[in-house]
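Residue 539 is where the sequence shown ends in our numbering, and the numbering goes up by one at each step. For each residue, glycine too, the CB sits at the ideal point set by N, CA and C. Written below as structure tokens is the structure these notes are about.
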Amino acid sequence: MVNIILRRDVEGLDLRMTKGISDRSDASTTAIEGIGGFRIRDSGTRLMITGSMRTSSGLLRGQRDYTERQRRRQSANDPESFARLPLAIGGLLTYNIGNAVSVFSADNQPLRLKPEFGGGTLGATYSFLPADFSGSRSEAVELLRANAGALMLEPAPDRRSGTASLLPRSTSASILASLRQEFGGRMEAYIDTAWLRNEGRQEFSFNEQGPTTALAPTNLFQQPVVFTFPRPDLLGTYRQTITSNRVTLGTVIRMGHDWSLNADVSAAQVRAVRRDAYSLQSLSFLNSLRRGTPGGPGLPVVDPLAPAAVRNATLLAYRQTSDYGQFLKNNFRSAGLRLGGPLLNLPGGPLALTSAIEWRRESVPVTTGTTRSASELPKVRESAPRSQVVSSGYLELRAPLTAAGTHLPILRQLELMLALRRDAARTLYPRGFGAFLPGDTAASRSRRTALTYTAGVRFFPHEKLMLRMSSATGELPPTIQNLRSNSGTFVSRARPLRIRKEAGGPSEANGTSPSRTEDRPTRPPSERAPFLRDS
Numbered sequence: 005m006v007n008i009i010l011r012r013d014v015e016g017l018d019l020r021m022t023k024g025i026s027d028r029s030d031a032s033t034t035a036i037e038g039i040g041g042f043r044i045r046d047s048g049t050r051l052m053i054t055g056s057m058r059t060s061s062g063l064l065r066g067q068r069d070y071t072e073r074q075r076r077r078q079s080a081n082d083p084e085s086f087a088r089l090p091l092a093i094g095g096l097l098t099y100n101i102g103n104a105v106s107v108f109s110a111d112n113q114p115l116r117l118k119p120e121f122g123g124g125t126l127g128a129t130y131s132f133l134p135a136d137f138s139g140s141r142s143e144a145v146e147l148l149r150a151n152a153g154a155l156m157l158e159p160a161p162d163r164r165s166g167t168a169s170l171l172p173r174s175t176s177a178s179i180l181a182s183l184r185q186e187f188g189g190r191m192e193a194y195i196d197t198a199w200l201r202n203e204g205r206q207e208f209s210f211n212e213q214g215p216t217t218a219l220a221p222t223n224l225f226q227q228p229v230v231f232t233f234p235r236p237d238l239l240g241t242y243r244q245t246i247t248s249n250r251v252t253l254g255t256v257i258r259m260g261h262d263w264s265l266n267a268d269v270s271a272a273q274v275r276a277v278r279r280d281a282y283s284l285q286s287l288s289f290l291n292s293l294r295r296g297t298p299g300g301p302g303l304p305v306v307d308p309l310a311p312a313a314v315r316n317a318t319l320l321a322y323r324q325t326s327d328y329g330q331f332l333k334n335n336f337r338s339a340g341l342r343l344g345g346p347l348l349n350l351p352g353g354p355l356a357l358t359s360a361i362e363w364r365r366e367s368v369p370v371t372t373g374t375t376r377s378a379s380e381l382p383k384v385r386e387s388a389p390r391s392q393v394v395s396s397g398y399l400e401l402r403a404p405l406t407a408a409g410t411h412l413p414i415l416r417q418l419e420l421m422l423a424l425r426r427d428a429a430r431t432l433y434p435r436g437f438g439a440f441l442p443g444d445t446a447a448s449r450s451r452r453t454a455l456t457y458t459a460g461v462r463f464f465p466h467e468k469l470m471l472r473m474s475s476a477t478g479e480l481p482p483t484i485q486n487l488r489s490n491s492g493t494f495v496s497r498a499r500p501l502r503i504r505k506e507a508g509g510p511s512e513a514n515g516t517s518p519s520r521t522e523d524r525p526t527r528p529p530s531e532r533a534p535f536l537r538d539s
């Protein structure tokens, strides 16, 4: 249980403003807070209003050297693995992207120049040119020879790396108001309202890599290669706004003999709006990169070794963008009744009882997501509605058995505590992937009941020392978000496959062999997943 004590009797106005930056004079934050209240004399009416707003400018990856330091450590530990990193999708490979035009051998053999560019091998499977290179082909060959076996570790200044968000830009604002009315000192009614809004923005981009064939005129080498280079044309912005509204009506009744009764009902709604804008993977770009020819009518040739200005202009000619929007709404209702007070007097104080019953319901109607791009008609996806109802009961007893003056230390201010809680949840959620797959919108119902307890004892062996022992159980019921189908793909290091050969099987000598176990790798050692070693 968490107890939060709020300021209730506020008169006047209190304003605060704070502003801060990191120790590198960036990632600034600004916060403004205010609280005000007044009381109408002789009427028992009190009003309090609080408000706050906080903004953060965020931080880009290029503003810190974390990525570069990680790359230097990984390159020093395992250079080959650093150059070629496995993706968890079909065993594909992605190649490290630095602030340079890098070239990698696609067949993992040393790069071999074509005869018209001098022939011979570079003696390494990768090399690079500076990102701002603008020389001739012969100058490019000389630089590639000089940089063979080396890579640029500085992150590329694009949204895949250097200008991607390390910390998102964010804005949060809140307004809370509380109106309370007392009736004769034994009863109080109140209305609490709250409005909360959080906005966040993050810069990112999807990676886009593809091979260049050996026959492509833009390829200087005899084997297929993979070029990586800065991509200022790639865009990606993720925006999300979450708005919450809540109203609570309640009353507190002081029943005498230190007993009190509290009843309240609440209604709330949370709305989440998501807006993404990002670059699409351009097949015409990948085709031009692969073949060294125009990707379509009126489109230029993608030549990674062209001068930087020409290369960037070519990239913009192939850029295609799309945006995605999603709207989510969660409606929340709750009611609660709490009763507490002393049952009888014990040597250490009153035996106190606290009890509560609660009911809450949240429902998520149909969620709509829409994808739009210039080359296709809008695509609309809907997820099926879902809801959850939870009924809870809580009971707690505190028994102070002895007073502070007890002579035995183990019995000094001895107190026992026992708490019980029961939750019953009913959840309605879509089966499978909901409306994302045609015809698969059937609903499933889930019922779950949980009974948990906490039992504890405490005492004061010394007037300035308290010892407490407790035993407790707990359960976290699944939320609506947990009860949904999901899938993921991962790649783990290959482990030896143990194959057991039984007696009587063929052998080289006499056609039989004793029972034995052999370790055979599931993949050749050269194809096993790479790993890092600590230096």
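Taking every protein chain shown into account, the CB of Gly299 has 16 or more other CB atoms within 10 angstroms, so this residue is buried.
Ser474 counts as exposed, since fewer than 16 other beta carbons sit within 10 angstroms of its beta carbon.
Linking Gly55 to Thr241 through their CA atoms gives a straight-line distance of about 29 angstroms.
Unbroken alpha helix (DSSP H) stretches of 4 residues or longer found wholly inside the segment 101-134: none. If you look at Arg315, you'll find it in the alpha helix (DSSP H) that goes Ala312 to Tyr322. Between Ala388 and Ser367, the alpha-carbon positions lie close to 11 angstroms from each other. Per DSSP, Gln227 lies in no beta strand (DSSP E) segment and is marked neither H nor E. Rounded to the nearest whole angstrom, the CA to CA distance from Ser176 to Leu420 is 43 angstroms. If you compare the alpha carbons of Arg75, Thr431, Leu348 and Thr217 with that of Arg451, the shortest gap goes to Thr431. Restricted to the segment 289-365, the alpha helix (DSSP H) segments that are unbroken, complete and at least 4 residues in length are 312-322, listed in chain order. As DSSP reads the structure, Ile257 sits in a beta bridge with Met191 and Leu265.
Excluding residues up to 5 positions away in sequence, Leu347, Leu348 and Ala403 lie with their Cβ nearer than 6 angstroms to the Cβ of Leu355 in the same chain. Glu37 is the residue among Glu37, Lys333 and Val14 whose C-alpha sits nearest the C-alpha of Thr22.
Boundaries of the beta strand (DSSP E) around Glu380: Glu380 to Ser387. The continuous alpha helix (DSSP H) containing Ser142 extends over residues Arg141 to Ala150.
Inside the segment 20-58, DSSP marks whole beta strand (DSSP E) runs of 3 or more residues at positions 33-44, from first to last along the chain. Take Gln113, set aside five residues on each side of it, and no residue of its chain has a beta-carbon closer than 6 angstroms to its own.
Close CB contacts of Ala168 within its chain, under the 6 angstroms cut and outside five residues either way in sequence, are with Arg65, Glu207 and Phe208 (chain order). Taking the CA atoms as reference points, Val230 sits about 19 angstroms from Asp237. The C-alpha of Gln330 is placed about 48 angstroms away from the C-alpha of Arg141. Relative to Arg462, the option among Thr477, Pro413 and Thr456 whose CA is nearest is Pro413. Between Ala459 and Val394, the alpha-carbon positions lie close to 24 angstroms from each other.
Looking at the DSSP output, Asn211 shares a beta bridge with no other residue.
Going by DSSP, Ser79 is part of the alpha helix (DSSP H) stretching over Tyr70 to Asn81. Residues Asp237, Ser286, Ser288, Phe289, Ser292, Gly299, Leu303 and Val306 of the same chain have their beta carbon placed closer than 8 angstroms to that of Tyr322, with the five preceding and five following residues left out of the count.
Distance from the Cα of Leu320 is smallest, within the candidate group Leu219, Glu15 and Pro234, for Pro234. Take Gly123, set aside five residues on each side of it, and the residues of its chain with a beta-carbon closer than 6 angstroms to its own are Leu117, in chain order.
Its chain contains Leu133, Phe137, Leu224 and Leu309 as the residues whose beta carbon lies nearer than 8 angstroms to that of Ala144, once the 5 sequence neighbours on both sides are disregarded; these appear in chain order. Note on Val384: under 16 other CB atoms within 10 angstroms of its CB, so exposed under the neighbour-count rule. A contact between stretches requires three or more CB pairs, one per stretch, nearer than 8 angstroms, and the segment 242-258 meets this requirement with the segment 266-273.
As the crow flies, the alpha-carbon of Arg295 is around 15 angstroms from that of Pro301.
By the CB criterion at 7 angstroms, Thr375 and Tyr328 fall inside the cutoff. For Ala428, the uninterrupted beta strand (DSSP E) run begins and ends at Glu419 to Pro434, by DSSP. Annotated as proximal: Ala110 and Pro228, with beta-carbon spacing under 7 angstroms. The beta-bridge partner set that DSSP reports for Asn223 is empty. Only exposed fits Val314, as fewer than 16 other CB atoms lie within 10 angstroms of its CB.
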